[in-house]
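Worksheet: the structure to be examined is printed underneath.
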Ligand SMILES: [Zn+2]
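Numbering (my numbering), first residue to last: 39 to 376.
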């Protein structure tokens, strides 16, 4: 499917939070009251910056290649050298046969004329489906805006809702009763044409059937309200690392995306054939956009166990990348300067 001529290929990916996820506005500093999470400045919906995702995927990919390394004589280990920000003597190996440095880039190294931006680019991770309690059990709420954010030809043509104050869901033969969504009591409607196609599009992204059966669509305005008033807010105590005791007055609260939140993002993979490393060497670690995607996917199981964001030691941050059914790319390709 991938041809040598494409300069890049874009893959939509979805993931589900297995724990609450906290990606804070001020890094992951503890001991501060009211740690808020990053929000999109326009929609006010929480998101995970692509730079945060790229950082952890780089570290986990490096761990994977170090754990499965066969060569004994490699000058630098993949981990920790090729993980992290690079720079200094402990920096990236910057070799043309290193999958970590090829895919995630490297800072200027000993043997290189200059840095390399890397072949993979990560979009921000957006909330696609947000879990909320109702009298019928958990419901996963979304909105036209949330559905349109990424995934272009999969979800882009979603139209607006006829009734901005109702919740739309498939009836599944049940009586259509109003639904308690968190603090809101919403009339339920079923006459929105997009509902049928939506299930199959979400299924293609790898979203589980039990979530799709409990899907509700509301207006963008209601969605913003529902998400922000149903975030997980936890209170914790900062521990003094010197004494192991609670610091006096160090009670703090922090917010997080709740477990079960489904996020969506895009991975853009540049074509390795269009680049040379250190001005002369072909990239031998990867040879196609698909191969770039496969390198990044090595990090998935680490993300599922080690997580993303702060408070990892408090049982937070684990995220499962869902197995998309048919994503050899969206067909979103184009020319770019290399
Ligand atoms: Zn490297």
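Ideal Cβ placement from N, Cα and C applies to all residues, glycine included.
Query                                                                                                          : Result
Exposed unless 16 or more other CB atoms sit within 10 angstroms - verdict on residue 243                      : buried
Whether residue 144 touches residue 154 by CB criterion (7 Å)                                                  : yes
Cβ separation of residue 137 and residue 323, assumed to be a contact under 8 Å, to the nearest whole Å        : 4 Å
Cα-Cα separation, residue 71 to residue 121                                                                    : Reliability of the predicted coordinates at residue 71 is poor, the pLDDT of 36 falling under 50, and no value is obtained from them.
Length of the line joining the Cα atoms of residue 52 and residue 178                                          : 14 Å
Classification of residue 215 by the beta-carbon crowding that lies within 10 angstroms, buried from 16 upward : exposed
Proximity to residue 134 [Cα-Cα], best of 347, 331, 318                                                        : 318
Proximity winner among 164, 99, 49, relative to residue 302 (alpha-carbon distances)                           : 164
Length at least 3, wholly inside the stretch 243-283: the beta strand (DSSP E) runs in chain order             : 253-255, 270-277
Beta-ladder partner(s) of residue 307, from DSSP                                                               : 47, 158
Simplified DSSP assignment, three categories, for residue 88                                                   : helix
C-beta atoms of residue 55 and residue 295 nearer than 7 Å                                                     : yes
Residue 312 in three-state terms, based on DSSP                                                                : helix
Residue from 245, 222, 357 with nearest C-alpha to residue 265                                                 : 222
Contact the stretch 87-103 vs the stretch 266-279: 3+ CB pairs below 8 Å                                       : no
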